[in-house]
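First up is the structure itself, then whatever we jot down about it.
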Amino acid sequence: MCANIVVAEDDAKQAELVRRYLEHEGHAVTVAEDGRTALETVRHQEPDLVVLDVMMPGADGLDVVRILRAERREVPVLMLTARSTEDDLLLGLDLGADDYMTKPFSPRELTARVRTLLRRNRRGPVPAPATVPAPAPASEREAAPDDEVLTVGALRVDPLRHEVSVAGTPVECTPGEFRILAAMAAEPGRVFTRARLLDELHGFDKYISSRTVDVHVMNLRKKIEHAPRRPARLITVFGVGYKLTDPAKNVRHASS
78 MCANIVVAED DAKQAELVRR YLEHEGHAVT VAEDGRTALE TVRHQEPDLV
128 VLDVMMPGAD GLDVVRILRA ERREVPVLML TARSTEDDLL LGLDLGADDY
178 MTKPFSPREL TARVRTLLRR NRRGPVPAPA TVPAPAPASE REAAPDDEVL
228 TVGALRVDPL RHEVSVAGTP VECTPGEFRI LAAMAAEPGR VFTRARLLDE
278 LHGFDKYISS RTVDVHVMNL RKKIEHAPRR PARLITVFGV GYKLTDPAKN
328 VRHASS
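In the numbering used here, the protein residues as written are 78 to 333.
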């Protein structure tokens, strides 16, 4: 799987090491030496993935990922950080990064993480021009067919268009948040363990902490719950994991 990758790293030796390993995998790599250059490169190239160092001049990696998500760019982001505290690591995920690695790291592990993120976010093949159907009228594109949309009460998740809404109000989700929500919406009421949700995120649950899932769930609650501190949709099943439910059904069951 060859991809266009932007590596944002101000340490020339580190950047060269990452570039060589990724090019050995067959990827096309562009190196940016600071945060501002990284932003402009991503805007210009629209790459398949960004490897982003946290500590950079101009704009640090946290600023870069914050801006990318504010611009609704869904490019996968793998953050590299020398910061070792869990709060610092989770902050990157909170802002919209898809994965992180702490320095020093194994280049072979880096390429494995890159393969996983690309596989999870790969774009389907573009059809040949002769087989491309005429665009549907705008009125027909406003909503996907019912059998393509996952609904749990007022929550709607459209996997094809990567869209989420609650009671008709659009909800912006990071790629990681969307994958968790889509997996749970496909099986409402089922309890998902953190290990299962980690697998939905990356497929390499041995590499990252289960706190990754907790951060994504916390952020999703802020977006889909009326009262995030008293969740009615995304419920904690203590000692096991999480489940997605319809609040209206919960009320009916409680009153019956």
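Glycine included, C-beta positions come from ideal geometry on N, C-alpha and C.
It should be emphasised that the depicted structure is a prediction, and the values quoted were computed from it without experimental measurement.
*With 16 as the cutoff for other CB atoms within 10 Å, does Pro181 come out buried or exposed?*
Numbered from 1 along the sequence shown, position 104 holds the residue referred to as residue 181. Exposed, because fewer than 16 other Cβ atoms sit within 10 Å of the Cβ of Pro181.
*CA nearest to the CA of Arg146, picked from Thr289, Tyr319, Glu254 and Val106*: Residue numbering aside, residue 146 sits at position 69 when the sequence shown is read from its first letter. Residue Glu254 is the option with its Cα nearest to Arg146.
_Segment limits, alpha helix (DSSP H) that includes Thr188_ = For the purposes of this step, residue 188 is identified with residue 111 of the sequence shown, where counting begins at 1. Residues Pro184 to Asn198.
*Count the other CB atoms within 10 Å of the CB of Thr208; is the residue buried (16 or more) or exposed (fewer)?*
Here residue 208 is taken as the residue at index 131 of the sequence shown, counted from 1. The predicted position of Thr208 is uncertain, since its pLDDT is 36 and thus under 50; no value can be drawn from it.
*Nearest to Ala85 by alpha carbon, out of Asp130, Leu232 and Arg273?*
Within the sequence shown, the letter at position 8 stands for residue 85. Among Asp130, Leu232 and Arg273, the Cα nearest to that of Ala85 is on Asp130.
*First and last residue of the uninterrupted beta strand (DSSP E) at Val234*: Here residue 234 is taken as the residue at index 157 of the sequence shown, counted from 1. Counting along the chain, the beta strand (DSSP E) containing Val234 begins and ends at Leu232 to Asp235.
*asked:* Please report the distance separating the alpha-carbon of Leu311 from that of Pro236.
replied: Along the sequence shown, one-based indexing puts residue 311 at 234. Along the sequence shown, one-based indexing puts residue 236 at 159. So the two alpha carbons sit approximately 18 Å from each other.
*Would you kindly work out how many angstroms separate the C-alpha atoms of Met156 and Leu172, rounded to a whole number?*
Numbered from its first residue, the sequence shown carries residue 156 at position 79. Numbered from its first residue, the sequence shown carries residue 172 at position 95. Going by the C-alpha atoms only, they are around 11 Å apart.
*Tell me Lys320's beta-bridge partners as DSSP assigns them.*
As a first step, residue 320 is located in the sequence shown; it is residue number 243 there, counting from the start. For Lys320, which the question treats as bridged, DSSP gives the partners Ile312.
*State yes or no: is the C-beta of Val108 within less than 7 Å of the C-beta of Arg120?*
Counted from its first residue, the sequence shown places residue 108 at position 31. Counted from its first residue, the sequence shown places residue 120 at position 43. Cβ atoms of Val108 and Arg120: not closer than 7 Å.
*asked:* Counting C-beta neighbours from all protein chains within 10 Å, is the total for His239 16 or more, i.e. buried, or is it exposed?
replied: In the sequence shown, the residue the question calls residue 239 occupies position 162. The Cβ neighbour count for His239, taken over all protein chains shown within 10 Å, is under 16; the residue is labelled exposed.
*Is the region 177–193 touching the region 293–308, taking contact as three or more C-beta pairs under 8 Å?*
Contact fails: fewer than three Cβ-Cβ distances are below 8 Å.
_By the DSSP assignment, the alpha helix (DSSP H) with Met178 in it spans what residues?_
To locate residue 178, count along the sequence shown from 1; it is residue 101. Counting along the chain, Met178 falls outside any alpha helix (DSSP H), though it belongs to the beta strand (DSSP E) covering Asp176 to Thr179.
*In the DSSP assignment, what residue or residues form a beta bridge with Pro305?*
By one-based count along the sequence shown, residue 305 stands at place 228. Pro305 pairs with nothing; no bridge assigned.
*Is the distance from the Cβ of Val234 to the Cβ of Val241 below 7 Å?*
Locating residue 234 in the sequence shown gives position 157, where the first residue counts as 1. Locating residue 241 in the sequence shown gives position 164, where the first residue counts as 1. In terms of Cβ geometry, Val234 and Val241 form a close pair [threshold 7 Å].
*Measure the alpha-carbon distance for Leu275 versus Val290 and round it to whole angstroms.*
Locating residue 275 in the sequence shown gives position 198, counting from the first residue. Locating residue 290 in the sequence shown gives position 213, counting from the first residue. Going from the Cα of Leu275 to the Cα of Val290 covers about 7 Å.
*asked:* Rounded to whole angstroms, what is the Cα-Cα separation between Gly245 and Arg267?
replied: For the purposes of this step, residue 245 is taken as residue 168 along the sequence shown, with counting starting at 1. For the purposes of this step, residue 267 is taken as residue 190 along the sequence shown, with counting starting at 1. About 24 Å.
*Kindly indicate which three-state DSSP category Asp88 falls into: helix, strand or coil?*
Within the sequence shown, residue 88 is the residue found at index 11, counting from 1. In this structure, DSSP gives Asp88 a state outside helix and strand, which the three-state scheme calls coil.
*According to DSSP, what are the bridge partners of Pro247?*
Here residue 247 corresponds to residue number 170 of the sequence shown, with the count starting at 1. Beta-bridge pairing links Pro247 to Ser242.
*With DSSP as the reference, please indicate the residues paired to Thr158 in a beta bridge.*
Residue numbering aside, residue 158 sits at position 81 when the sequence shown is read from its first letter. In the DSSP assignment, Thr158 is bridged to Thr179.
_Using C-beta distances below 6 Å, list every residue in its chain close to Met178, excluding the 5 sequence neighbours before and after it, in chain order._
Position 101 of the sequence shown, counting from 1, holds the residue named residue 178. Answer for Met178: Leu157, listed in chain order.
*asked:* Just to confirm, is the Cβ distance from Leu321 to Pro265 under 7 Å?
replied: Taking the first residue of the sequence shown as position 1, residue 321 is located at position 244. Taking the first residue of the sequence shown as position 1, residue 265 is located at position 188. Result yes, Cβ atoms of Leu321 and Pro265 sit closer than 7 Å.
*Where does Ala344 fall in DSSP's three states?*
Past the boundaries of the shown model lies residue 344; the chain is included only from 78 to 333, so the question cannot be answered.
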